[in-house]
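See below for the structure under consideration.
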Amino acid sequence: MYMLDHCPYQVETIGDAYMIVSGLPERNGTRHVKEICGVALNILTSVLTFTIPHQPHRQLAIRIGIPPKYIRKVTWI
1 MYMLDHCPYQ
11 VETIGDAYMI
21 VSGLPERNGT
31 RHVKEICGVA
41 LNILTSVLTF
51 TIPHQPHRQL
61 AIRIGIPPKY
71 IRKVTWI
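FYI, full-length UniProt numbering numbers position 73 of the sequence shown as 73, with every residue one higher than the one before it.
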């Protein structure tokens, strides 16, 4: 799982919200956006492929938010 490989730091869990950051507690240079987006895509992929055993016809719903003010430049590699 991307999240376990790249270790964004869990800041807080509020109800059903799971807040993570990149670059804490250890700095990681300028890789914050890449790491957070990687985690978000991994979670989204997991949710889309997950089957609810007792309701296989239903799909899980997820909300992912990344504040755009922190994304200054996106470079696709």
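C-beta: ideal position from N, C-alpha, C; glycine also.
Practice item. Check whether the Cβ of K34 lies closer than 8 Å to any Cβ atom in chain D. Key: Looking for chain D here will not work: only one protein chain is present.
Review point. Residue range of the alpha helix (DSSP H) that A40 falls in?
Key: Sequence index remark: in the sequence shown, residue 40 carries index 40 (1-based). Start and end: 32-49.
Review point. Taking just the CA atoms, how far does L48 sit from K34?
Key: As a working note, residue 34 is residue 34 in the sequence shown. As a working note, residue 48 is residue 48 in the sequence shown. Each residue's Cα considered, the two are about 21 Å apart.
**Study point:** Straight-line gap, R27 to Q59 (C-alpha atoms, nearest Å)
**Key:** The residue you call residue 27 lines up with position 27 of the sequence shown. The residue you call residue 59 lines up with position 59 of the sequence shown. Taking C-alpha positions only, R27 is separated from Q59 by approximately 37 Å.
Review point. What number of angstroms, rounded off, separates the C-alpha of T13 from the C-alpha of G29?
Key: For this step, residue 13 is matched to residue 13 along the sequence shown. For this step, residue 29 is matched to residue 29 along the sequence shown. Looking at the two C-alpha atoms, the distance is approximately 25 Å.
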